[in-house]
């Protein structure tokens with residue numbers, strides 16, 4: 002004899018996609034079991050099975066979330082409804098999987114775009130903060146190099162400063178080139194690796 006309590010325990014342990022619920026149970030009305038199962042897994046396709054074709058009961062079952070309502074005395078109809086329910090459940094699973102894949106892809110693209118924006122911000126900030134004082138250093142080193150009153154040691158230091166400034170300028174230019182490798186495609190920012198080679 003099937004009991005509602007046993008069905009509830011089994012369903013909560015492993016929610017099924019398709020469930021047959023008999024309206025006549027020894028320990029709980031079938032309608033109550035239907036509500037209980039739907040609260041556990043709202044996506045379950047629950048087919049209510051009854052010995053009597055009662056319009057009011059069928060309406061109540063459908064209102065409670067039943068996927069279908071079948072009379073026991075018609076096994077062919079029951080088998081057909083089960084096949085339909087299985088197909089529907091699988092279609093729903095496929096649709097949900099596709100939706101999850103689309104959402105995961107969208108989230109990955111959002112994270113990627115946010116990272117690229119963060120990189121751009123850091124690059125622009127560094128370039129701005131370094132470029133202004135660097136221009137002063139370059140100008141000063143050029144003045145020192147052009148001065149004819151410097152002894153050899155000071156001139157050597159001035160040349161070293163100029164060389165270091167050029168290296169920093171080259172590094173800044175490389176950082177700025179990162180902006181050129183970021184392109185817009187489909188509303189998303191993409192790092193164009195071909196331009197970095």
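Residue numbers (my numbering): 2 to 198. Beta carbons: idealized from backbone N, C-alpha and C, even for Gly. Quick caveat, the model's predicted, so the values are computed rather than measured.
- The three-state reading of DSSP puts residue 28 in coil, since its state is none of H, G, I, E or B.
- DSSP, reduced to helix, strand and coil, places residue 45 outside both helices and strands of the structure shown, so it counts as coil.
- Bridge pairing for residue 21: 48 [DSSP].
- It is roughly 50 Å from the alpha-carbon of residue 21 to the alpha-carbon of residue 116.
- A Cβ-Cβ contact shorter than 8 Å links residue 73 with residue 51.
- Within the same chain, and ignoring the five residues on either side of residue 53 in sequence, the residues whose Cβ sits closer than 8 Å to its Cβ are 72.
- Residue burial is scored here from C-beta neighbours: residue 95 has fewer than 16 other C-beta atoms within 10 angstroms and is therefore classed as exposed.
- Pairing residue 69 with residue 48 gives a Cβ-Cβ distance under 8 Å.
- The beta carbon of residue 8 sits closer than 7 Å to the beta carbons of 34 from its chain, once the five residues preceding and following it are set aside; these are given in chain order.
- Pairwise C-beta distances place the stretch 82-92 in contact with the stretch 9-20, as three or more of them are shorter than 8 Å.
- Exclusion of the five residues before and after residue 5 leaves 26, 28, 29 and 34 as the residues of its chain whose Cβ lies within less than 7 Å of its Cβ.
- Residue 152 sits in coil when the DSSP states are folded into three classes, being neither helix nor strand.
- Within the stretch 69-151, the complete alpha helix (DSSP H) segments at least 4 residues long are 76-147, listed from N- to C-terminus.
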